[in-house]
Amino acid sequence: MGIMQLFKQTSGWLYLNSPVGRNQLHGAGVILMLHRVLANDRAADLPHRNELCIGTKAFDHFLEWLNRHFDCVPLMDILQPTQQPSPRPKVALTFDDGWRDNALHAFPVLLKHQVPASIFLSSDFIGSRQRFWWESIGETLWGSHGEAPRMHLIDCLQQLGRPLPVLLDDVDVQRRSLALLRFLQSLKTLPPPELSRLADECPAESMPQALDWQQVRELENSGLVRFGPHGASHAILTGLDDCTLGQEIRRSRDALLNGCKRPLPVYCYPNGDNDARVRQQVADHDFPFALGTAAGIYRGNADPLAVPRFGVSQRVARNPQLLSWRIYRGARA
Ligand SMILES: [Zn+2]
113 MGIMQLFKQT
123 SGWLYLNSPV
133 GRNQLHGAGV
143 ILMLHRVLAN
153 DRAADLPHRN
163 ELCIGTKAFD
173 HFLEWLNRHF
183 DCVPLMDILQ
193 PTQQPSPRPK
203 VALTFDDGWR
213 DNALHAFPVL
223 LKHQVPASIF
233 LSSDFIGSRQ
243 RFWWESIGET
253 LWGSHGEAPR
263 MHLIDCLQQL
273 GRPLPVLLDD
283 VDVQRRSLAL
293 LRFLQSLKTL
303 PPPELSRLAD
313 ECPAESMPQA
323 LDWQQVRELE
333 NSGLVRFGPH
343 GASHAILTGL
353 DDCTLGQEIR
363 RSRDALLNGC
373 KRPLPVYCYP
383 NGDNDARVRQ
393 QVADHDFPFA
403 LGTAAGIYRG
413 NADPLAVPRF
423 GVSQRVARNP
433 QLLSWRIYRG
443 ARA
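Letter by letter, the sequence shown follows residues 113 to 445 of the working numbering.
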């Protein structure tokens with residue numbers, strides 16, 4: 113472990129356990145942002161998955177740590193508190209996109225530790241075979257579906273003027289994964305229809321990537337999980353014209369109203385991207401709250417339409433003290 117990491121872990125621990133830290137967090141809430149939980153921790157360790165994926169073991173250990181230091185509460189207990197604050201700081205878990213692994217791998221661990229969570233669905237994907245391009249392109253290029261589909265996708269990328277960097281042939285797994293991460297990030301500049309076309313060139317997976325509505329209902333019936341919208345197509349809202357923006361918000365809101373018993377009055381911006389125009393439209397569609405991705409603690413006096421969250425990667429889940437360091441930084445800001 114590097115000196116800096118050790119320093120951050122120790123300071124983070126001291127902060128959470130000191131009167132100063134307890135004071136600063138009193139009555140405030142920490143909202144965490146997660147995406148996927150994979151069965152295999154080693155798969156989640158690789159750089160191109162690390163930001164979005166947590167392994168089941170790391171997740172289990174992470175929830176145990178959260179329960180030791182925080183009151184793990186439903187999201188609305190932070191956004192609309194009804195009770196007097198307890199001496200311990202509050203934390204709420206949120207998951208973005210609506211990945212099927214949230215039901216398969218995350219839920220059993222949530223249940224074991226009795227930790228509530230909110231899942232924000234990109235509603236067009238729920239119950240459909242529509243695929244998240246990042247996952248489809250990333251895993252195909254990684255070779256998870258074999259060599260032939262990988263070569264085919266490389267040809268398609270070549271035709272689009274996006275040749276694969278040589279580093280993607282590196283024999284070192286870490287370096288190859290890091291090169292893939294950078295390449296995927298560079299593809300974000302392609303127009304969304306181009307990205308879905310590329311995702312369609314990837315082989316059909318044996319299993320759909322997103323939750324279906326039956327799973328949504330089962331999770332909701334458990335009483336531990338609630339749902340809210342995260343766009344319909346996952347388009348970046350700030351890039352849409354007024355009319356398409358309105359359609360995107362309405363379609364996702366109506367899908368949640370149809371598919372859930374008690375959807376959250378909280379919108380979650382795809383990629384966290386929002387501006388004054390997007391916030392106004394979200395408010396006009398009866399959402400008093402919306403979640404962004406800027407890091408920070410929620411104190412109730414900030415803009416309820418740009419609620420901050422802390423992202424949790426596999427690295428953070430494995431070393432939760434790194435999260436207390438980031439909370440400490442967020443509290444000082
Ligand atoms: Zn998302």
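All C-beta atoms, glycine included, are put in the ideal place defined by N, C-alpha and C.
Local conformation of C355 per DSSP, three classes:
C355 sits in a helix when the DSSP states are folded into three classes.
Buried or exposed: where does F339 fall if 16 or more other Cβ atoms within 10 Å of its Cβ makes it buried?
buried
Would you identify the three-state DSSP class for I238, choosing helix, strand or coil?
coil
In whole angstroms, give me the CA-to-CA distance for R262 and R294.
17 Å
Span of the alpha helix (DSSP H) holding C268?
E259 to Q271
Going along the chain, which residues of its own chain have a beta-carbon closer than 6 Å to the beta-carbon of Q121, five neighbours each way excluded?
Q433
Does the stretch 221 to 236 come into contact with the stretch 272 to 284, if we say contact requires no fewer than three beta-carbon pairs (one atom in each stretch) closer than 8 Å?
no
Could you tell me the alpha carbon to alpha carbon distance between A388 and D396, rounded to whole angstroms?
12 Å
From D415 to H346, what does the alpha carbon distance come to, in whole angstroms?
23 Å
What are the partner residues of P341, as DSSP defines its beta bridges?
L233
Coil, strand or helix - F422 by DSSP:
Correct three-state label for F422: strand.
Candidates P375, V283, L128 and A311: which alpha carbon is nearest N333's?
P375
Any heavy atom of ligand 1 within less than 6 Å of residue CB: hits in chain order
D208, D209, H342, H346 and P382
Beta-carbon proximity of R148 to L164, cut-off 8 Å
yes
Can you give me the C-alpha to C-alpha distance between L302 and Q242, rounded to a whole angstrom?
18 Å
Range of the contiguous beta strand (DSSP E) that encloses I143
Unbroken beta strand (DSSP E) run through I143: G141 to L146.
Whole-angstrom Cβ separation of V185 and K169, contact assumed at under 8 Å?
Actually they do not touch by this definition, with Cβ atoms about 24 Å apart.
Output the distance between the C-alpha atoms of R200 and V283, rounded to the nearest integer angstrom.
Answer to the nearest angstrom: the Cα atoms are 48 Å apart.
Below 8 Å between beta carbons: does that hold for R438 and A140?
no
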